[in-house]
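Asker: Numbering (the working numbering), first residue to last: 61 to 157. The C-beta atom is built at its ideal place from N, Cα and C for all residues, glycine as well. Have a look at this one before I ask anything.
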């Protein structure tokens with residue numbers, strides 16, 4: 061028993077295939093023309109990254125003099141959810157959400 065052969069069916073029903081292709085093209089063009097688009101769309105920044113470098117400083121100095129001070133100032137913000145910081149010798153990266 062042979063199964064359904066889509067290629068054979070399409071070759072035998074060319075007008076139906078052309079009709080569906082035309083319907084899909086018209087629907088696609090209609091959908092594209094009705095898409096909402098703005099020149100400057102609104103978006104929300106969810107994560108901010110603060111990076112600070114201090115050449116020659118140790119990890120302890122960077123944490124005490126840079127990372128802790130920035131985090132204390134950020135904690136004063138009401139809209140702040142949390143911060144995460146990564147500190148290496150002479151460099152700190154703080155992720156703010």
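(1) Short of 7 angstroms in beta carbon distance, which residues of its chain neighbour residue 126, apart from the five on each side in sequence? Order them along the chain.
(2) By Cβ distance below 7 angstroms, which residues in the same chain neighbour residue 224 in space, the five residues on each side in sequence not counted?
(3) Residues bridged to residue 109 by DSSP?
(4) What is the DSSP secondary structure of residue 145, counted as helix, strand or coil?
(5) Go through the stretch 79 to 129 residue by residue and report every complete run of the beta strand (DSSP E) that reaches 3 residues or more, in order.
(6) In this structure, how does DSSP classify residue 131 when only helix, strand and coil are distinguished?
(7) For residue 148, which residues in the same chain have their Cβ closer than 8 angstroms to its Cβ, ignoring the five residues on either side in sequence?
(8) Look up residue 65 in the DSSP assignment and say whether it is helix, strand or coil.
Answerer: Put simply:
(1) 112, 114, 152
(2) Outside the shown range of the chain, which is 61 to 157, sits residue 224, and nothing can be said about it.
(3) Looking at the DSSP assignment, residue 109 forms a beta bridge with 155.
(4) Residue 145 sits in a strand when the DSSP states are folded into three classes.
(5) With a minimum length of 3 residues, the continuous beta strand (DSSP E) runs that stay inside the stretch 79 to 129 are 108 to 113.
(6) Look at residue 131 here: in three-state DSSP terms it is helix.
(7) 119, 122
(8) coil
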